[in-house]
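Going by the working numbering, the sequence shown opens with residue 1369, and the numbers climb by one from there.
We put the beta carbon where it would ideally sit given N, CA and C, even for glycine.
Worksheet for the structure shown next.
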Amino acid sequence: MLPRFQSVGLVAIALCAGMATSPASAAAIINGYFSQPAPSTYNQGGGTWNEAASIPGWTSNTSDTIETGLNSTYGLGSYLGSTTNLELNDNTWGSISQTLTGLTGGDNYDLNFGYGIRGGAGAQEMEVFIGGVLLATLNAPSETSSSWEAESFSFTATGAPEVLTFTSVPTTGNAAEGNELTAVSLAVPEPMSWALMLAGFAGVGGALRLGRRNPGFAA
């Protein structure tokens, strides 16, 4: 039979490890990979992209259309398995929004997405808003090659619904190329998991010290 301090410690470690590895609850983003409309419909001037007044989940905040296409159209590889993305700069500096439902006021959420830099588009800048409040500003310097960057930002919901907005900022770069976006998702973080795990290890350490001071301590 295990000494009592060891059995308690192992239970604490197992419990905390289980909590740390449990998946976070996800809040839904509609068409976060911009795979709708389907790539088979992409055919603008013989190219592999699509322009539409609106797409599932997203609306344009300008008079410009929304452009989606294959990653390869913009010189980009896949991102988290996605082969499609949005180019925020369609014919000019663009802005799109989605109304998020199912959020709980006062709860924390993580907004995750891939931000793509299009080679040769020049300097680009994009702002991210939640409920009209600026969450982040991303800057892409002028680069000769295309690449993805993983982005993650936390916010506290004031209630439901909240409006998520991506807006390109006019710069010296190309107004009709750049600010690529894909894999937009929301997750609920679990900040207590690591704290509980550390507390469990601290408890084990204390029990071990107690055991060394009291060699006869056993179940």
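Item	Value
Give me the Cα-Cα distance between residue 1476 and residue 1429, rounded to the nearest whole angstrom.	26 Å
Just verifying my parser: in three-state terms, what is the DSSP assignment at residue 1453?	strand
Taking the continuous beta strand (DSSP E) assigned at residue 1496, which residues delimit it?	1492 to 1498
In angstroms, rounded to a whole number, what distance separates the CA positions of residue 1502 and residue 1535?	10 Å
Which residues mark the beginning and the end of the beta strand (DSSP E) in which residue 1444 is found?	It is not in any beta strand (DSSP E) - residue 1444 carries neither H nor E in the DSSP assignment.
Just checking my contact of residue 1546 with residue 1508 at CB under 8 Å: how many whole Å lie between their CB atoms?	7 Å
Going by DSSP in three states, residue 1428 sits in which element: helix, strand or coil?	strand
Under 6 Å Cβ to Cβ from residue 1506, same chain only, skipping five residues before and after it: list those, please.	1483 and 1494
Skipping 5 residues on each side, what residues in its chain have a beta carbon closer than 8 Å to that of residue 1416?	1407, 1410, 1437, 1438, 1440 and 1441
So, for residue 1498: in the same chain, excluding its five sequence neighbours on each side, which residues have a beta-carbon less than 7 Å away from its beta-carbon?	1523, 1530 and 1532
Check each candidate in 1479, 1492 and 1488 and name the one with the smallest Cα separation from residue 1556.	1479
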